[in-house]
Structure formats: C-alpha cells, structure tokens
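Asks: If you read the protein sequences in the order shown, they are chains A and B. Its first residue numbered 1, the first sequence is counted upward by one per residue in the UniProt record's numbering. Its first residue numbered 1, the second sequence is counted upward by one per residue in the UniProt record's numbering. Think of the CB as a built atom: it goes at the ideal place given N, C-alpha and C, for glycine as much as any other residue. All values derive from a computational prediction rather than experimental measurement.
Number of protein chains: 2
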Amino acid sequence: IVPRIIVWFLWFHGSLRFCFACYTAGNMSSISVPPPKCLQKPLTVPYRHMFGPGPSNVPSRILEAGANPVIGHMHPEIFEIMNDIKSGIQYMFQTQNKMTLAVSGTGHSAMECAIFNAVEPGESVLVAVNGIWGERAAEMAERIGKAHLAPPGGCFTIEEMEKALSKHRPTLLFVAHGESSTGVLHPLDGIGQLCHKYNCLFLVDSVASIGGAPVYMDQQEIDILYTGSQKVLNAPPGTAPISFSERACQKIFSRRTKPVSFYLDLSWLANYWGCDGKPSRVYHHTGPVTAFYSLRESLSVLVEEGLENSWERHLKVAEYFHAGLESMGLKLFVKEKRLRLPTVTTIVAPYGYDWKEITSYIMKTHNLEISGGLGPSVGLVLRVGLMGCNSSRENVDMVLAALKDALKHCHKSKV
Amino acid sequence: IVPRIIVWFLWFHGSLRFCFACYTAGNMSSISVPPPKCLQKPLTVPYRHMFGPGPSNVPSRILEAGANPVIGHMHPEIFEIMNDIKSGIQYMFQTQNKMTLAVSGTGHSAMECAIFNAVEPGESVLVAVNGIWGERAAEMAERIGKAHLAPPGGCFTIEEMEKALSKHRPTLLFVAHGESSTGVLHPLDGIGQLCHKYNCLFLVDSVASIGGAPVYMDQQEIDILYTGSQKVLNAPPGTAPISFSERACQKIFSRRTKPVSFYLDLSWLANYWGCDGKPSRVYHHTGPVTAFYSLRESLSVLVEEGLENSWERHLKVAEYFHAGLESMGLKLFVKEKRLRLPTVTTIVAPYGYDWKEITSYIMKTHNLEISGGLGPSVGLVLRVGLMGCNSSRENVDMVLAALKDALKHCHKSKV
Chain A
1 IVPRIIVWFL WFHGSLRFCF ACYTAGNMSS ISVPPPKCLQ KPLTVPYRHM
51 FGPGPSNVPS RILEAGANPV IGHMHPEIFE IMNDIKSGIQ YMFQTQNKMT
101 LAVSGTGHSA MECAIFNAVE PGESVLVAVN GIWGERAAEM AERIGKAHLA
151 PPGGCFTIEE MEKALSKHRP TLLFVAHGES STGVLHPLDG IGQLCHKYNC
201 LFLVDSVASI GGAPVYMDQQ EIDILYTGSQ KVLNAPPGTA PISFSERACQ
251 KIFSRRTKPV SFYLDLSWLA NYWGCDGKPS RVYHHTGPVT AFYSLRESLS
301 VLVEEGLENS WERHLKVAEY FHAGLESMGL KLFVKEKRLR LPTVTTIVAP
351 YGYDWKEITS YIMKTHNLEI SGGLGPSVGL VLRVGLMGCN SSRENVDMVL
401 AALKDALKHC HKSKV
Chain B
1 IVPRIIVWFL WFHGSLRFCF ACYTAGNMSS ISVPPPKCLQ KPLTVPYRHM
51 FGPGPSNVPS RILEAGANPV IGHMHPEIFE IMNDIKSGIQ YMFQTQNKMT
101 LAVSGTGHSA MECAIFNAVE PGESVLVAVN GIWGERAAEM AERIGKAHLA
151 PPGGCFTIEE MEKALSKHRP TLLFVAHGES STGVLHPLDG IGQLCHKYNC
201 LFLVDSVASI GGAPVYMDQQ EIDILYTGSQ KVLNAPPGTA PISFSERACQ
251 KIFSRRTKPV SFYLDLSWLA NYWGCDGKPS RVYHHTGPVT AFYSLRESLS
301 VLVEEGLENS WERHLKVAEY FHAGLESMGL KLFVKEKRLR LPTVTTIVAP
351 YGYDWKEITS YIMKTHNLEI SGGLGPSVGL VLRVGLMGCN SSRENVDMVL
401 AALKDALKHC HKSKV
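1) If we ignore side chains and look at the alpha-carbon of each, how far apart do Ile81/B and Ala406/B end up?
2) Within the 8 Å Cβ cut-off, does Glu246/B reach chain A?
3) Just mark Thr44/A as buried or exposed, buried being the case when its beta carbon has 16 or more other beta carbons within 10 Å.
4) Provide the residue span of the beta strand (DSSP E) that contains Arg48/B, from first to last.
5) Give every residue of the same chain whose Cβ lies closer than 7 Å to the Cβ of Gly154/A, excluding the five residues on either side of it in the sequence, and list them in chain order.
6) Taking the DSSP output, what are the residues bridged to Ala398/B?
7) Please state whether the Cβ-Cβ distance between Ile71/B and Pro46/A is less than 8 Å.
8) Taking only beta carbons into account, state which residues of the segment 39–60 of chain A come closer than 7 Å to chain B, listed in chain order.
9) Measure the alpha-carbon distance for Pro152/A versus Gly287/A and round it to whole angstroms.
10) Report, in whole angstroms, the separation of the C-beta atoms of residue 437/A and Ile242/A, which I expect to be a contact under 8 Å.
11) How about the segment 236–251 of chain A and the segment 91–108 of chain A: do they share at least three Cβ pairs that are nearer than 8 Å?
12) List, in chain order, every chain B residue whose beta-carbon is nearer than 7 Å to that of Ala297/A.
13) Could you pull the start and end residues of the beta strand (DSSP E) that Phe333/A belongs to?
14) For Thr227/B, count neighbouring Cβ atoms within 10 angstroms of its own Cβ and tell me buried if that reaches 16, exposed if not.
15) Give the residues of chain B in contact with Gly228/A, contact being defined as C-beta atoms less than 9 Å apart.
16) With a threshold of 8 Å between beta carbons, is Leu63/A in contact with chain B?
17) Note down, in chain order, every chain A residue with its Cβ under 7 Å from the Cβ of Ala67/B.
18) For a contact defined as C-beta to C-beta under 8 Å, what are the partners of Val317/B on chain A?
19) Compare the beta carbon distance of Met92/A and Leu269/A with 8 Å and say whether it is the shorter of the two.
20) If you draw a straight line from the C-alpha of Ser413/B to the C-alpha of Val204/B, how long is it?
21) What are the boundary residues of the beta strand (DSSP E) that includes Thr100/A?
22) Taking Cβ-Cβ distances shorter than 7 Å, what residues in chain B pair up with Gln94/A?
23) So which residues of chain B does Gln90/A contact, with C-beta pairs closer than 9 Å?
24) Below 8 Å between beta carbons: does that hold for Tyr293/B and Ala65/B?
25) Look at the Cβ atom of Leu185/A, then the Cβ atom of Arg340/A, and state whether they are nearer than 8 Å.
26) What distance in whole Å lies between the Cβ atoms of Thr95/B and Val33/A, which are believed to be in contact at a cut-off of 8 Å?
27) With a CB to CB cut of under 7 Å and the five nearest residues on each side skipped, what residues in its chain are close to Tyr216/A?
28) Report, in whole angstroms, the separation of the C-beta atoms of Gly122/B and Ser181/B, which I expect to be a contact under 8 Å.
29) Could you pull out every unbroken alpha helix (DSSP H) segment of at least 4 residues lying fully inside the segment 122–149 of chain A, listed in chain order?
30) Unbroken beta strand (DSSP E) runs of length 3 or more, entirely within the segment 225–259 of chain A: which are they?
31) Would you call the segment 195–202 of chain A and the segment 165–179 of chain A touching, i.e. three or more CB-CB distances under 8 Å?
32) Comparing C-alpha positions only, which one of Val344/A, Phe253/A and Glu394/A sits nearest to Gly372/A?
33) What did DSSP end up calling Ala323/B once you bin it into helix, strand or coil?
34) Which first and last residues belong to the beta strand (DSSP E) in which Arg383/B is found?
35) Mapping DSSP to helix, strand and coil, what is Ala118/A?
36) I want to verify the contact list: residues of chain B whose CB lies under 9 Å from the CB of Glu394/A, in sequence order.
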C-alpha cells in the first residue's frame, strides 16, 4: 500500500563524469508565451482600515523593517535575529521552552507542523470543534488517518473534556483559544493538567488571541502553542510562531516514523533555529529573512508596550466597543462576557439586512474592512477585529460610525 | 495502522450555548517570563553582496514594493495582483497552464507541494539524484513511502532514463534542472516525451535556473515545474512559483485519497488562485500579501528585460566569469561547457587552501558572500551565484578581485 520510491543516483568522485550524448541534438524550442501586458503596469495598493478578523494593519515601522536588505539565511546576523524572535515568542507565550521558533508559512502551516510532528500512525487525535479552526485541525488530522465525528451539539465543560479523554485516550487534544469565526475565547485553565492525567498532549491555537488575551503556556501546561504574525502582532502574514514543551519534544523525538513533511519536520526546524543544542546548523530551507525582520520588529513593539498592558488595552477597548454596539441596539453573538474574544467581536447579523450589503457599503464608503461570518458562522454574524495597533477607542468610534451609517443607508426589509 | 482521529463537535444553533461552570475558578497564573532585553535594541541589518547560491540581492524597487500597506488576502485587489503573478509565471515558465500559482512558502514547500499532490499510496517515484536537490526530493518522497536506492555511480543518458522508466514504471520522475550544489545544468529535451511514453509525470526543479537559462515548460512537456523567489527573480525568499500541466491535473484531481497536507493541497490552492474556474474563492489560508507584492514586482522586472535577454545576459556573464577564473589558474568543477549552470558557478576548491578560510576572508574583507559546497559537494568546491540583477560584468570583476586577494592572503599549505 505504501508508495514505492525509487531513488536513482548520479554521483561523482572528485569531478563529474557525464555522458549526455543523446542530448546533443540542438534545442528546437522557442518562446511561445509573450510577456504579459498586465505586468507592464505599476503595482498599486490601496490603503485600508483592516478591521476584519485579520490580517490587521501593519505600522510603517514594521513594514520598513521588512524592507531591509536581504542577508543569507545562514549568516550569523540572521541567527541573532532568529534568537531575538525566539526570546520574543517565549515572552509572548510565557514559556521557557527551548523549542520555540517561527514556521516559514502562515498559521495553517504551524497547525500542520504541530499535528504532523506530534501524531504517529496508530495514534488518535481529539479535536474540540467549536468553529472553523477546529474544523481545519480535524481536516488536517483526517489526512493522516481516519476521522470519527461525534454528533454535534455538545459543549465544553471540563467534565465533558475528561469524559472524552478517558473514552478515546487520544495522543493529542486540539483547542482553539481564540475562535475567530465565532468570537469565542475558550477558557484554558485546567485542560493541560487534565490532558497530562490522561497522557495526552495539549495543543492550542492562539492565532487570533495571543498578545490580546492572557495565555500562560507553561503555567497552563500547554504542550504545543502556535500563532500567526498578522493579527495582534501586526506583522505581514507569512510567519507563524510555535513552541513545544519538554513533554511534546520527548514524544516527538522518540517517534518511530518520520513526520510526513520534511519542510515542517521539527528535528530539522529545531536545528535551523538553534533549539537542539547542536554546535552547528545544517541547511534546511531558505528562511524568509525579510519576514523575520518584520516579525522581530513586531515582537519589539509588544515588548515595548508590555504583555499585560497589551492584554488590558485589548480588553478595555473591546468593552468600550461592546457597550457602543449595544447602545446602538446591536446584539453580541457571544452572550457571556468572559467568553468574548477581546480581539475579534462577533455581532449578530442585524435583522432584516443583507450582511453582505453592510460589509460592502462600509468598505466602499468608509474604506474599512469588517467581515461576515466564516465557516459555521456564515450568515449569522458580522465580525470586527481590532488587533494590536488597531485596538484603540478612536478606531472603535470609526467602526461604530460606519456601522450606524450602513444601517441607515443599506436596504432593510419590512418585517 | 492509520491514526484514529476523534473529532468532537461543539456546535451552535443560532446563538452559542455554553456551560463552563468548572472554569469559573479564578485564573491563578501570572507573568513569569520577563520582556527580553535583546528586543529593546533596534534591528540592524548589514548590506552584503549576495553572490552565493541564493538568496541574491533584492533591488530596492522590489523591497519597496513589499513595504506597501497590507490589504486582505481575499480582497479583489489582491486577486488582481495574484492574477498578474500568474501571468508572469506563465511567461517565465513558457506555459499556457491554467494551473499556475505561487505556494506560500519557500522552494522546499513547492517541492513538497508537487510530490504530495502527484503521488498516491501504492505509486512509485523515480528520483534522479545528481546533487542535494535530488537528495531532498528523495527524502520527501521517502516520507510518504519506502525508498529503493540504486547504487551510485550511474549517469543520466536518455537511454539510462528510458531503462529506469521501463524497469520501475514510476508515476513521477524528478529532475533538478539547475543543480546548484554541483553547478550542473541538466539537459531537459526529450525527457518529457520519454516520461509520457511510460505514462509517467515529469517534475522539474528550476529553483536555481529559471530566468537564467532556457526552460520551455509546454514544449519540453514538463508536467510540474517550480522555482523559488530568491534567485534570478531577486525577490525575498518566502514564495515559490509552481505550475501543473493538464496531464498532471488530470492525475491529481482524480486521486482516490487526499494529499497528506491541507496547506499544500492543490485543489484548495487552485481555488484560492482562481485556477479552477469556480465563480468564487473560498478561504484557504492567509496569503502572504506583502510577499506577493514583491513577487509581482520581480516578475515585472523580468518582463521589462525580456526572458531571452535575461537568458543571454546570464550566459554571457557566466562565460566572462569562467574565462576570468581560468585565467587565474582556477578550475571549473563542471568540465563540459554546455552543462554549466549560468547562474551558479562551481569552482574546484583551490588546492592547498582551506575553503572555509577563503569564504570567511572574502566575507570579512570584501563584504561579499560566496559559499562552499552543499550536500555531496561539501569540501570539493567554492560556489558563486550571480543571479538576476547580480549577473553583471562589474560583479564578476568584483568577485575575481576578491578571489585573487583571498588566494594571496589565505594560508596555503606547502605541497
């Protein structure tokens, strides 16, 4: 059943021996695809208020950092920048984990990195699906195995978690901390300890929440935590911070099989990021150096403000926003206050309106992105993300004014 | 043997029902990792002449394009930019393939994208290994199957290719066009036709060669072709153009199993890049929009010069460089002229010298990167890459002067 791979070697001893006699017949090919006209026009990019669920606006300081000259992916200076990034992620994640790095891809690649490395054939994964991120994790997990879907309708009490862990005895439990499709901030306390009671690793997606809501990787006993660069960090999309606990590393580095992906293989990534204690680094892939510059700068910004200040600011701004929405007569999709994600707010789609008309109107008239639902929340909500530098009272006022204007001008059915 | 994945659903009907009674116990966690001092220092990046095998220097025009403001990964403007990129890749690859896009990762992720999508369990891959890129492709292929290694020492005549194809009946044949570890430009004519005679797909790695040496994807019947952004294109590393023939698509879209990776699944990527003819695009991942800006700009530069002019410039500059090296008494690693990669030159490591001392001296004294061997060529060669904007007579003169200086000042053993 496994594919047979036949590797055919051409090797050389000192110098190369070649015998390409048959290739000497002249090249008969010629240019048949002309240069495209569209590329003769200059690149134009509009400025937008990026108040959707991400990517968020990138301050010029971070954009400029990314425009520094390219150096080598194995130069000592880039290793120093990568070490700085590592320290910044450890701070942002509140972890001492040595195995802390950034994946050269977006948040989804970090999700795959976690699942590919932690799971071996024959092992099971328990995915707590409460929105699109769980769906995606399940989709990834299914590709390296078979999925058993429990009937929908359950809810996540710690008792239910324990029941499921004890029933299925999974290797890995996935929870999305910030479920940006529904606007829910999933409580994390106690789940790590519970997982470890059942010899299970605890994997948390914090793409939409990190930096905007408290996460304590070590104290909450999270084994694998990842995020993306383009949300609270306000860096361009393209890199994804990730960290692995000692427990996760023990499991991963005693695998019997190699992970399916070479690109995301933690043993290679760990060496490239200087996390494996080995004296020298071996070429794995060409790190996106300019994206590392921006990521470092975005972590500097977080360090300057301080994590606790950032959490508090996001919470205060979210509360101010929620009060403003309610005073307009709009309803918040997440009823319970402490379960509301401070970074991405879900508003019940205003009754009688077409949500698409609202978001289009606001984009067109106010040059401002807010979005509709995603995955299971499509048609049910409007989503507003105020993350990192975007999380301010001024921006709340701008969004509220835009929403008021939209509700006034968009078509409302007579009900 | 397959992992069991248990997916546990929390769903909502209209609004969310939650019962988190057990989470209400106050959060006992607190900050334990202080803000790192290293991130309180500003980012500093040196300027280097990047004349190694890549990444190459990025002109300010392309760096500045990447510093444009972030827009949404699903905005119409980014789709237009992606369409422009698609046209540029079609031109660069000389293909009419609709299924043309850029992977959100480096060259290695495109290599995995090709192998993951084209190969199903039970199928075999033939990897022609003549340096590190074949080794890497074999490493990736092995992870989704079992590898049979033929003894080293063979060489790639078209007769040997036919013998191997007829013996192993593989699904996919991998060839690196520009093998930057050895400096070899592998002839491509005739291999595609041969593959199709044996119902095999032809996969070509052109990371180090595209734009600097002729490739005619359609006429040479290449089924999957990919490259990286950081070589001749002179864009920062982080995106990887790839294209699939009709024949490859037919095979891929009639798979019985899903590819192991969701992030690299062609059916999702095809939709995100508007290659599948469907009226709307579904959210797959957050495209690295600023990297797309740079990639578009780098393709514009290629379009302005013209592909044939670029090929000719690289060839002429390489010949000028090779003549200069030989007049210094240095030997080229690849004896046969027409097999020399015009983008990356391999020089036999000068006898009596420590190659590491030479590259370090040149970096330190001339602020210029050239590199040693990679994989099988470590210790045997020095490698100099002059790619895209770096391919000029002025830069050749700079490298020759630096080499002369190094040979004069570095320690030579008395032999």
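Replies: Based on what the coordinates show:
1) Residue 81/B sits at position 81 when you count from the first residue of the second sequence. Residue 406/B sits at position 406 when you count from the first residue of the second sequence. Annotation: Ile81/B to Ala406/B spans about 45 Å, alpha carbon to alpha carbon.
2) Residue numbering aside, residue 246/B sits at position 246 when the second sequence is read from its first letter. Chain A contact via Cβ: absent.
3) On the first sequence, position 44 is the one that residue 44/A refers to. Classification of Thr44/A: exposed, given that the 10 Å Cβ count is below 16.
4) Start at 1 with the first residue of the second sequence, and residue 48/B comes out as number 48. Arg48/B -> no beta strand (DSSP E), and no H or E assigned at all.
5) As a first step, residue 154/A is located in the first sequence; it is residue number 154 there, counting from the start. Because Gly154/A carries a pLDDT of 33, less than 50, the predicted location of this residue cannot be relied on, and the following value inherits that uncertainty. Within the same chain, Gly154/A has close Cβ partners Glu160.
6) On the second sequence, residue 398/B is found 398 positions in, with the first residue counted as 1. With the sequence shown as reference, residue 398/B is identified as Met, and Ala is not the correct amino acid for it. DSSP lists no partner for Met398/B.
7) Working through the second sequence from its first residue, we reach residue 71/B at position 71. Working through the first sequence from its first residue, we reach residue 46/A at position 46. Between Ile71/B and Pro46/A, the CB-CB gap stays under 8 Å.
8) Leu39, Gln40, Leu43, Val45, Pro46, Tyr47, Arg48, Met50, Gly52, Gly54, Pro55, Asn57 and Val58
9) Within the first sequence, residue 152/A is the residue found at index 152, counting from 1. Within the first sequence, residue 287/A is the residue found at index 287, counting from 1. Its pLDDT being 32, under 50, Pro152/A is placed unreliably by the model, and nothing is read from it.
10) With chain A covering 1 to 415 only, the question about residue 437/A has no answer from this structure.
11) Three or more Cβ pairs closer than 8 Å define a contact, and the segment 236–251 of chain A meets that threshold against the segment 91–108 of chain A.
12) Counting from 1 along the first sequence, the entry for residue 297/A is found at position 297. Residue identity differs from the one stated: residue 297/A is Glu in this sequence, not Ala. Result: Leu43.
13) Here the question's residue 333/A lines up with position 333 in the first sequence. Counting along the chain, Phe333/A falls outside any beta strand (DSSP E), and DSSP gives it neither H nor E.
14) Position 227 of the second sequence holds residue 227/B. Buried, by the Cβ-count rule.
15) Here the question's residue 228/A lines up with position 228 in the first sequence. The contacting residues are Thr286.
16) As a position in the first sequence, residue 63/A is number 63, starting the count at 1. Yes, Leu63/A lies at the interface with chain B (some Cβ there is under 8 Å from its Cβ).
17) As a working mapping, residue 67/B is identified with position 67 in the second sequence. What Ala67/B touches in chain A: Leu63, Glu64, Gly66 and Ala67.
18) Walking along the second sequence from the start, residue 317/B turns up at place 317. Those do not exist, as Val317/B stays about 20 Å from chain A at its closest Cβ, beyond 8 Å.
19) Residue 92/A sits at position 92 when you count from the first residue of the first sequence. Residue 269/A sits at position 269 when you count from the first residue of the first sequence. Their beta carbons are not under 8 Å apart, which means Met92/A does not touch Leu269/A by this criterion.
20) The residue labelled residue 413/B in the question sits at position 413 within the second sequence. The residue labelled residue 204/B in the question sits at position 204 within the second sequence. Looking at the two C-alpha atoms, the distance is approximately 42 Å.
21) Counting from 1 along the first sequence, the entry for residue 100/A is found at position 100. Its beta strand (DSSP E) spans residues Met99 to Val103.
22) Here residue 94/A corresponds to residue number 94 of the first sequence, with the count starting at 1. Chain B residues near Gln94/A: Ile31, Ser32 and Val33.
23) As a working mapping, residue 90/A is identified with position 90 in the first sequence. Result: Val33 and Pro36.
24) Translated into positions along the second sequence, residue 293/B becomes position 293. Translated into positions along the second sequence, residue 65/B becomes position 65. Contact: yes.
25) For this step, residue 185/A is matched to residue 185 along the first sequence. For this step, residue 340/A is matched to residue 340 along the first sequence. Yes, Cβ-Cβ distance for Leu185/A and Arg340/A is below 8 Å.
26) On the first sequence, residue 33/A is found 33 positions in, with the first residue counted as 1. On the second sequence, residue 95/B is found 95 positions in, with the first residue counted as 1. Confirmed, Cβ separation roughly 7 Å.
27) The count along the first sequence starts at 1 and reaches residue 216/A at position 216. Cβ within range, chain order: Gln94.
28) Here residue 122/B corresponds to residue number 122 of the second sequence, with the count starting at 1. Here residue 181/B corresponds to residue number 181 of the second sequence, with the count starting at 1. Gly122/B to Ser181/B, Cβ: 31 Å. No contact.
29) 132–143
30) 240–244
31) Contact between the segment 195–202 of chain A and the segment 165–179 of chain A is present, because at least three Cβ pairs lie under 8 Å.
32) Within the first sequence, residue 372/A is the residue found at index 372, counting from 1. Nearest C-alpha to Gly372/A: Val344/A.
33) Numbered from its first residue, the second sequence carries residue 323/B at position 323. Ala323/B falls in the helix class under three-state DSSP.
34) For the purposes of this step, residue 383/B is taken as residue 383 along the second sequence, with counting starting at 1. That run of the beta strand (DSSP E) goes Val381 to Gly385.
35) Here residue 118/A refers to the residue found at position 118 of the first sequence. In the structure shown, Ala118/A sits in a helix (DSSP, three-state: H, G or I).
36) Position 394 of the first sequence, counting from 1, holds the residue named residue 394/A. Within 9 Å Cβ-Cβ: nothing; Glu394/A doesn't reach chain B, min ~18 Å.
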